[in-house]
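In order, the protein sequences belong to chains F and A. First residue of the first sequence: 0, per numbering that gives the first Met the number 0; consecutive thereafter. First residue of the second sequence: 0, per numbering that gives the first Met the number 0; consecutive thereafter. Quick notes on the structure that follows.
Number of protein chains: 2
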Amino acid sequence: MGALHQGHISLIKKSMEECQYNVVSIFVNPAQFGPGEDYEKYPRSIEADIKILQKENIDILFVPTTEEMYQKNFGTWINVEKISEVFEGKLRPGHFCGVCTIVGKFFNIIQPDKSYFGWKDAQQLIIIKKMVKELNIPVKIIGMTTIRDKDGLALSSRNTYLSPEGRKKATCLYKSLHKMWEMVIYNSITDTEILLEEGKKIILKESVKIDYLEVINLSNFKPVKKIEKQTGIIGAVRIDNVRLIDNIIWE
Amino acid sequence: MGALHQGHISLIKKSMEECQYNVVSIFVNPAQFGPGEDYEKYPRSIEADIKILQKENIDILFVPTTEEMYQKNFGTWINVEKISEVFEGKLRPGHFCGVCTIVGKFFNIIQPDKSYFGWKDAQQLIIIKKMVKELNIPVKIIGMTTIRDKDGLALSSRNTYLSPEGRKKATCLYKSLHKMWEMVIYNSITDTEILLEEGKKIILKESVKIDYLEVINLSNFKPVKKIEKQTGIIGAVRIDNVRLIDNIIWE
């Protein structure tokens, strides 16, 4: 969706390393925003983005108009059941249907061999992998590590919405996840209840609203009782009415 | 779905004429049958089909298993709104979602330049054209004229379900459509109400149940008051509890 930051650039650099031709798409997709969400005010900085992409030396920048992507009477949708209806999907109904449809369209237009997504949006990444597998789309999906500010905050175009005060508070989500990670790694605590109790404390200490904080099975995003392979801790908080998400994954 | 007849063979011959490599898929798709429909008893004749395809000299026959197409926990669906919910879609809820999903999967697997569908299933053809356009699938959809028995009955694998008595009655749908076509062509009658009144009489004379008989706009399948370019007359009847569909199209 543009407003490029180091997270996007890490995807681009990996693609440049692995692929012969490199295409970047920038499209603020109305179909993945709900009523009352931030579609209108979502940060757009196409000129700065173009400078960055020129520096990275990509081959093609694809910037379609809304009308090109959604013609009059548009009505064909790709939906991944169940996993699209929990967490982000529960709080943002229709969001993942909008994501899957535009990503499916871009795959048909661009026909990439590989496509790069950030692990920051873990649920999106897993849903896209499921869509690609189940619709037999001939593309390899590559998930790339979340890029963070020095204090740990996951990079996101939406971070620019935060007040200076909110920006300081915002690290609590990372701190919470990091604390739970330490408890797993150094203290071998794998019990969900114990981990989440500790994790929630760290966020609530900052008086930040938790949308969710949960240990889930990565393949279906169902809550699990223990950290294992293929589980993750996912979290979403609200600061200054800005939603921030982050996660740690045990792949 | 196999049980090949001259309608399918006309698609294959056209493809052989126009294309360098020719692929035929045969798959009785469970996702497009509703509960209580004829999935189990749908005619299957893969050995006879193979003989026909060998004679036609096609390059590849693609016959996946149900498990290959729908793996455990399958849940990704392509849906074309609105036009999937009327006529066949209203009588068979979920039918076109099953059709679009399997056709989308086959397009991704086979990656054809052109794909051939019969006009007999007019609503299916229009929905697939809309899906291809709106999802930017790089394939050209070609609609081929309905092939008929000598008495006019549109060929369909489901015709084998008919009793000898039912088979005789079954021509009433074609006779009705043909009569309306004559009224348009020879008498310049384009008024829907007049045409349908005459058309329904011909079917009801045989005591055959009409599921629907309607003049529709081909792009959205909404009923229209006059025959024009891009309209069609579509009909569905029930004989011996077998559903038969047919249509005439003004392209």
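All C-beta atoms in this analysis are idealised placements derived from N, C-alpha and C, irrespective of residue type, glycine included.
Span of the alpha helix (DSSP H) around residue i
i               : result
isoleucine 45/A : 45-55
serine 9/F      : 5-17
threonine 75/F  : Segment 75-79 is the beta strand (DSSP E) holding threonine 75/F; no alpha helix (DSSP H) there.
serine 175/F    : 170-186
asparagine 21/A : It is not in any alpha helix (DSSP H) - asparagine 21/A carries neither H nor E in the DSSP assignment.
glycine 93/F    : Neither: glycine 93/F is in no alpha helix (DSSP H) and is coded neither H nor E.
glutamine 122/F : 121-133
leucine 203/F   : 191-203
threonine 159/F : No alpha helix (DSSP H) contains threonine 159/F, which DSSP labels as neither H nor E.
glutamate 66/A  : 65-68
Where residue i falls, given that 16 or more other Cβ within 10 Å makes a residue buried
i                  : result
phenylalanine 61/A : exposed
glycine 33/A       : exposed
glutamate 133/A    : buried
tyrosine 115/A     : buried
alanine 235/A      : buried
proline 137/F      : exposed
isoleucine 193/A   : exposed
threonine 64/F     : exposed
glycine 35/A       : exposed
proline 111/F      : buried
serine 155/F       : buried
asparagine 78/A    : buried
aspartate 150/A    : exposed
glutamine 229/A    : exposed
serine 83/A        : buried
serine 14/F        : buried
serine 206/F       : exposed
glutamine 5/F      : exposed
glutamine 31/F     : buried
Residues that residue i bridges to, as DSSP identifies them
i                : result
glutamate 213/A  : Ile233/A
serine 114/F     : Ile140/F
proline 222/A    : Ile215/A
alanine 153/F    : Arg147/F
isoleucine 108/A : According to DSSP, isoleucine 108/A bridges with nothing at all.
lysine 208/A     : Arg237/A
Whole-number beta carbon distance between residue j and residue i, since they are thought to touch under 8 angstroms
i                : j                : result
tyrosine 160/A   : aspartate 239/A  : 7 angstroms
isoleucine 109/A : isoleucine 127/A : Rounded, the Cβ-Cβ distance is 14 angstroms, inconsistent with contact.
threonine 189/A  : valine 183/A     : 6 angstroms
alanine 169/F    : leucine 243/F    : 6 angstroms
aspartate 48/F   : leucine 3/F      : 5 angstroms
threonine 145/F  : alanine 153/F    : 5 angstroms
isoleucine 247/A : glycine 231/A    : 6 angstroms
glycine 142/A    : tryptophan 118/A : 5 angstroms
lysine 199/F     : leucine 212/F    : 6 angstroms
asparagine 21/F  : methionine 0/F   : Going by Cβ atoms, the distance from asparagine 21/F to methionine 0/F rounds to 18 angstroms, so no, they are not a contact pair.
threonine 75/F   : lysine 129/A     : 6 angstroms
glutamine 123/F  : valine 98/F      : 6 angstroms
serine 162/A     : isoleucine 202/A : The Cβ separation is near 18 angstroms, so there is no contact.
isoleucine 8/A   : alanine 121/A    : Contact flag wrong, Cβ pair sits at about 20 angstroms.
valine 241/A     : arginine 157/A   : 6 angstroms
Residue span of the beta strand (DSSP E) that contains residue i, given as start and end
i                  : result
isoleucine 247/A   : 241-249
phenylalanine 61/F : 59-61
| Going along the chain, which residues of the segment 51-76 of chain A sit with their C-beta nearer than 7 angstroms to a C-beta in chain F? | Phe73, Gly74, Thr75, Trp76
| field | Near-chain F residues of the segment 19-34 of chain A (beta-carbon distance less than 7 angstroms), N- to C-terminal order | value | none
| query | Relative to chain A, which residues along the segment 113-144 of chain F have a C-beta separation below 7 angstroms, given in chain order? | reply | Lys129, Met130, Glu133, Leu134, Asn135, Ile136, Pro137
| task | Could you run through the segment 76-106 of chain A and flag, in chain order, every residue whose CB is less than 7 angstroms away from some CB of chain F? | result | Listed by position along the chain: Trp76, Ile77, Asn78, Val79, Glu80, Lys81, Gly103, Lys104.
| Which residues, in order along the segment 201-229 of chain F, keep a beta-carbon less than 9 angstroms from a beta-carbon of chain A? | Only those residues of the segment 201-229 of chain F whose C-beta falls short of 9 angstroms from the nearest C-beta of chain A are listed: Ser218, Asn219.
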